[in-house]
Structures are given as C-alpha cells and as structure tokens.
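What follows is a set of notes on a single structure, which appears directly below.
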Amino acid sequence: MCQENKIASYCIFADQKWLWLYPSQLTSKLSPRRETVANESWVRDKSKAKPAIVVEPLVHIKIVGDDQPGQFGPGRTTLWATTNDRFALQSQWREEKDGAVVTVLREESGMVVEHRLECDAGALRSETRFVNGSRRAVRLELLTSFALSGITPFAGDDASGRLQVHRFRAVWSAEGKLVSESIEGLHLERVYAGGIKLSERFGQVGSMPVRGWFPTALVEDVEAGVVWGARLGCPTSWQMEVARRYDDVVLAGGYADREFGHWTKTVEPGKSFTSTPAWVTCVAGSIDDACNRLLSVDVAAVDSQPAIEHDLPIGYNDWGTSWGAPREDKLLQTADYLVSLGVRYLVIDAGWYMPNTDSAHWATTMGDWKANASRFPRGLAATAAAIRAKGLVPGLWMEPEHVARDSRAFHELDHLLHRDGQPLTLEVRRAWDLDDPWVKEYIDVHVIGLLKDAGFEYLKLDYSETLGIGVDHEDGLGEGLRRHGEGTHALFTRIHDALPELVTELVSAGGARMEASLLQLSSMASSTDAHETLEIPIISAALHRLVLPRQSLIWAVLNREDTIKRLGYTLGSAFLGRMCLSGDVVGLREEQLAFVKKAIDLYKQAVPAIRAGVSRYFTKHLGPSWRHPSGWQGVTRATNSQVLAVVHCFKDSPESVCLELPDSGSWRLTNTLTDISVSIRGSTLEVSDISDFDAQVILLERV
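Below you can see the structure in the form of structure tokens.
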C-alpha cells in the first residue's frame, strides 16, 4: 500500500506479521532477497541451508507465564516471545475517515491485538491496543508501540557495511549528542546460522524521559541513502531496540518492558490496554530529513498554544541574575530596561516562596507555595500587576509535582508516592500522588489558584528529580510509574483547561522532559541548564533534530564584564531557538545595551525562519569535546523566502568557513549581528576573517 500526504510518501507493506516501510520513489531500487544462506562458503549441504530472511512480527507481545523466547534472548530482549505465535490475522482494513490502516490479530481464547497506523503530518503514528477477550486476567510484560522490520530491503543479503544506527545521548546541561555506530560496531551482525536473538536495548528508567537517551532513533542504509526513524511519546520509562535474527534488522520500541523497566500490567477480562504512541518515518535523504519528519507531528499542537506565542516573543528570566533569590524591587527595575529592549515575558524563577530565614534554600523549601514577605512585601499579585503595567507578561516558576524537605507539604505522607511502603524520598524531594483527589485539590488551590488570583500569564513548569524504577502499585513498580506519568498528562491538561491563555514552559533540570507527549502540551521547553558555558551553541544546534526550534528555549545570560565579542557569541546561540535573556541587564553599559537591542531586532526579523524553517548542519570540523570545544559549527534554517544562518567558532577555528545555501535560487544579504565579514558566492555563504570564539548571525532573503 502507498500512503501519501503533503510531506511524506511511503510504501507500506503490513500484514499480520510484519511492517516494511520504504520511500515510494525508490520502489525500483528494491533488491531481490535471498531466501537461504546457501550462497555462503560455510554451507556444505546447499539443500539444507538455513533461512536468510523471515517474516518479523508487526507487534511484539509477551504475557507472563508464556515460555521465554530462547536462543539466548532472555535478559537481553523479550522480542520474539512465544506469545507472538499464538496470534493470527483476523482482519485488516483502511479507515475512510483518516486513512488509518488497522490490523487485528486474534488468539484462540479471545485475546486481541489491534495495531493502528495513520498519517500524522510528515510521519506515521503507530499504536497498539491489547483487548482481553478471554475469561481470565492476563498480565502483560511487553507490548510494543511499533516494530519496523525489513531493514534494509535495498540489499539482497545481510547488508554488511551499509547500516548505521543513530541515537542521541542526554545528560544534565549536555542534551542531544548524536552517537552514530555501525551495525558491526554494535556487534549486531547476523550470526552465521541465523535465529540467535541479538539486541541493543536502550532507553531510560524513571520519570525524566530524556536522561541518558532521547526517545528517538534512526537506522540508515548509507548506500541506498534511506533513513528509517522512530520517536516515542512517553513521560516515564521507555525502551527501544535495534535487533535482528536473520538478514534484516528490526527497530522496535514502546513502554519499558519487565526486564528493562520493571513493568507488568494486569488486564482483566473485557478490559484493554493501549501502548504509548510512537511515530515512524522513512526518507530518501539524510538523518536531518528524517528528524524533520518526526518533529513535524508537534506542529499542530504547538500552533494551538496561546496566540501570543505566534511571533515567538523574547523572554527574560531572573535566574541568571538573582540565582534563586528574586526580589520585587530588582525585578521592576529590570522591567524598565526590558521594555525598551523589546522583551515580552518577565519570569520570576525559583526562590520567590522561601521562608524568611537566612538558612533557607530554594531547593529545600518548595511545596507550600507562599511568597517570601521580605522579597515580595506587597504580595505576588501586586508584583505581577506592576510587571503587566509596564507592558510585560508576568511569569512564575513552580515545581508542582514535588515537595521539599523544609516545607509543610513534605510531611503529608498519606498523599505522597511510596516505594516498599515507605515515602519515596529523592534526597531533598518527595513527590505527590497525582491520582489522589486530595492532591488534585491541593494543586488546584496552591498552584492553579495562585496563578489565576495573582494574574500570572506564564508558567515555568519545572521537574528536577527522577522517581527511578517506580512506585508502589499492585502490578509492580513499573506500572506504578507508568500510571504516575498519566497523572502528569492529566495535570498539564488541568492547568490548560483552567488557564487556557497561560503560556507554559516545560522544564526538567533543563531538558530532561523534552519528549513528544509533554512537548505537545507545552508552549516551549527549556532546552538545557547550561547558562554561561561555551557549549551552549553546540547543545542548541544539536537539539534542532529533537525539538522544534520554536519550542527550544535558549539561555543568553548577559554580564557587564562581557566584551561585544562575547555578547555576540552568547546572543548568537539564542538564534538557534527561543531567545531567553538573563543576567545583569541593569548593569550593562550603553554600548552593550545597544548591541543587545540590535540582536533582539534581528531576532524578530528572523522569526519566520525559526518558526517554520528547515534546518541543515555544517559541523564536520567540530571537535569531540563539548566542554572544551574546538573547530566550528554552522546551522542554516530556511523557508522559501528566508535563510537564517548561525555560525560559531571555537578553539583552533579556521579563518573562514562556508555553508551551502538551500535551493538554486538567488539570495541577498539583509542583516548580520556582528562585524565579521560575510559574502555570497553563488550557492555558498562564506564567513571570513574569523577567530576563536567568534560568532555571526546572518539573515538572507530571496531575490
């Protein structure tokens, strides 16, 4: 079957056992597949040669009590469990309304697996539902959201030397590092006889879904120029697997299973369970093309955010100024400068709620959500009103899902999450049980009610610790954690329903929650906690593959000691996403303020490209270290009529760099940020006379 929309064109071959996906324009390039390994030198009796290719499952499922898969799978993977063999095709159809392909598999006792595949912007949404039509309770320990197989149909054998796996690592303040490894490097070459279950299983366990890895992975056939990609939407433990038994590679994933995420789920007779959503794509192109397709599914949700967000207003956050000790007088003094610069949001960060003691710390006192009387003597409502009177949108930081040890809320033990019967304590934090009606009322009053009564129009929603392997539940820790993730979704929805015009910033110790399901419920996301470090532009550029730039908030902390060159480096980074100023704006000298104003004016001109452009990277000479960067990087983000180019140079930078411009049309230079030389030579943009830690931002328009 061919599936097409404005962005994507695929050929899909899906039946009860497999899902093949390839670009329809490359149908003629498909290779005849060998059926056995009879052509290999080690095979003596060609008539008894082992299979080379088999039909792989469309859905992988494992039920507790069924036999383990064998062939060295247990402990490494639960794919190919014997449960799969019990299900056979019952029906398959294409729905008229949305074109979704629905495949129903049935087991003789009445259990049903329903797989749904439908177009969603530039990708395909994949989801699996298990229905227990039997007469007994069934306990699941694996149910995949997607399982792409037939990788690669462009090779007639086991595709030696042509498959690359691309993943994205994440740690605090260093999110989005691309890791590319060959199938051979991952030691996933087909075992000579076939059948042995090989898997590189990865993901994360806990309630910070972008911790260790982003839930996005790609497999590239470098000879065919084709990339398969997948992205999960899951706020808690998840897993993906690059796996194989025979010639073809499988890419599968969903909720973390019993082995990886301590997860089982009891489904009573007549009840059902649906996997977390996933999006899959396949492109004739690059990994950038595949990532653009996967990110396109967020656009509709982001478009539905408050109308004020359409022009990507610039924000100011006081964190890099007060460092956890905000004060009304300082904020209002800063506000006067922000108005003249053209900033729109002014956000009060952590520490506004601390008790009136010198020993209190912002991280240990959150949870009661009462303003510090010495810092906000007139109350938060008066502060918000004063900010609004100056023409700015007032914002507030909160971490509503956690409470800290020096708050009264920390001791509401009956309403907190538990593990092994004890309150789950995360060093200085504990977490609310979001399913508890008492907790819902508490948050409605102390969080939503506070925001509404005080007149805040922007909420920075932080989440600064992970729950780890899970919380108490009759089905086990993993299911308790998964249910808690549903509570997080419900909380976000409840906030939006109560305050529909509220702008929300998704935060989790920086970027540890930047996954699809929460991004689609947020206006933007704080991309990292890297505030004044040299790697900010590297992180910001890397995230173009993982977060829409219009949602990726980037810090630009300004200091009086900064040279104009350093200000250009700092502010240039913010053109790679959403500009968020911080630092001592009040203390800047006149020439520094003029440069910041120039950057803001240029940023506003570049909004169309940031909002709706397509990104391309030029980072071949970037050194391996992010903390001690060397070389240079460049990013272009282009629409049909505008190109934004951002170049950063690091240690041992060349004297000039070149970036290829999109299309064959003519472009003219309209503006730049710094004085570094820029020229256009045909379809090449050249930046010259540069030195270490220079930056340039360039705006082009089509002639």
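Heads up: the sequence shown begins at 4 in the working numbering, then just goes up one per residue.
Idealized CB from N, CA, C, for every residue including glycine.
Predicted model only: the values in this text are computed from it and were never measured.
| Item | Value |
| --- | --- |
| CB-CB length for residue 393 against residue 342, believed under 8 Å | 6 Å |
| Contacts around residue 335, its chain only, beta-carbon distance under 8 Å, and the 5 residues preceding and following it disregarded | 386, 389, 390 and 393 |
| Identity of the residue in 450, 465, 467 and 466 nearest residue 459 by Cα | 450 |
| Completely contained beta strand (DSSP E) runs for the segment 392-461, where each covers 3 or more residues | 396-401, 405-407 and 432-434 |
| Cβ neighbour criterion (16 or more within 10 Å) applied to residue 348 | buried |
| Paired residues, beta bridge with residue 558 - DSSP | 583 |
| Beta bridge counterpart(s) of residue 294 as assigned by DSSP | Looking at the DSSP assignment, residue 294 forms no beta bridge with any residue, so it has no partner. |
| 8 Å Cβ cutoff met for residue 246 and residue 210 | no |
| At least three beta-carbon pairs within less than 8 Å, the segment 499-516 to the segment 460-475 | yes |
| For residue 628, the first and last residue of its enclosing alpha helix (DSSP H) | Premise fails: residue 628 is in no alpha helix (DSSP H) and is neither H nor E. |
| For residue 632 and residue 712, the rounded distance between their alpha carbons | Since the displayed the chain opens at 4 and closes at 706, residue 712 lies outside it and no answer follows. |
| Cβ pair count under 8 Å reaching 3, the segment 218-232 against the segment 522-530 | no |
| The segment 131-141 contacting the segment 161-173, beta-carbon criterion three pairs below 8 Å | no |
| Buried/exposed call for residue 65, threshold 16 Cβ in 10 Å | buried |
| As assigned by DSSP and simplified to three states, the class of residue 26 | strand |
| Uninterrupted beta strand (DSSP E) stretches inside the segment 658-703 (no shorter than 3 residues) | 659-663, 670-675, 680-684 and 687-691 |
| Backbone CA spacing between residue 179 and residue 319 [nearest angstrom] | 24 Å |
| Rounded straight-line distance, which links the Cα of residue 686 to that of residue 669 | 8 Å |
| Alpha-carbon to alpha-carbon, residue 568 and residue 467 | 33 Å |
| Coil, strand or helix - residue 737 by DSSP | The requested residue 737 does not occur in the structure, where the chain is confined to residues 4 to 706. |
| Residues bridged to residue 511 [DSSP beta-bridge criterion] | 514 |
| N- and C-terminal bounds of the alpha helix (DSSP H) containing residue 351 | Residue 351 -> not in any alpha helix (DSSP H); beta strand (DSSP E) instead, spanning 348-351. |
| Own chain partners of residue 57 with C-beta closer than 6 Å, once the 5 adjacent residues on each side are dropped | 249 |
| For residue 112 and residue 271, the rounded distance between their alpha carbons | 14 Å |
| Residue 235 vs residue 151 beta-carbon contact at 8 Å | no |
| Meets three-Cβ-pair contact criterion under 8 Å: the segment 586-597 and the segment 614-625 | no |
| Cβ contact (3+ pairs, closer than 8 Å) linking the segment 84-103 and the segment 278-293 | no |
| Where residue 608 sits in the DSSP three-state scheme | helix |
| Classification of residue 329 by the beta-carbon crowding that lies within 10 angstroms, buried from 16 upward | buried |
| Neighbour-count burial assignment, residue 169, 16 or more Cβ in a 10 Å radius | buried |
| C-beta atoms of residue 530 and residue 498 nearer than 8 Å | no |
| Three or more C-beta pairs below 8 Å linking the segment 368-383 and the segment 621-637 | no |
| Residue range of the alpha helix (DSSP H) that includes residue 500 | 480-501 |
| Residues that residue 64 bridges to, as DSSP identifies them | 146 |
| Extent of the continuous beta strand (DSSP E) run through residue 282 | 281-287 |
| Rounded distance between the beta-carbons of residue 661 and residue 695, thought under 8 Å | With 8 Å as the limit, residue 695 and residue 661 do not qualify as a contact, their Cβ atoms being about 18 Å apart. |
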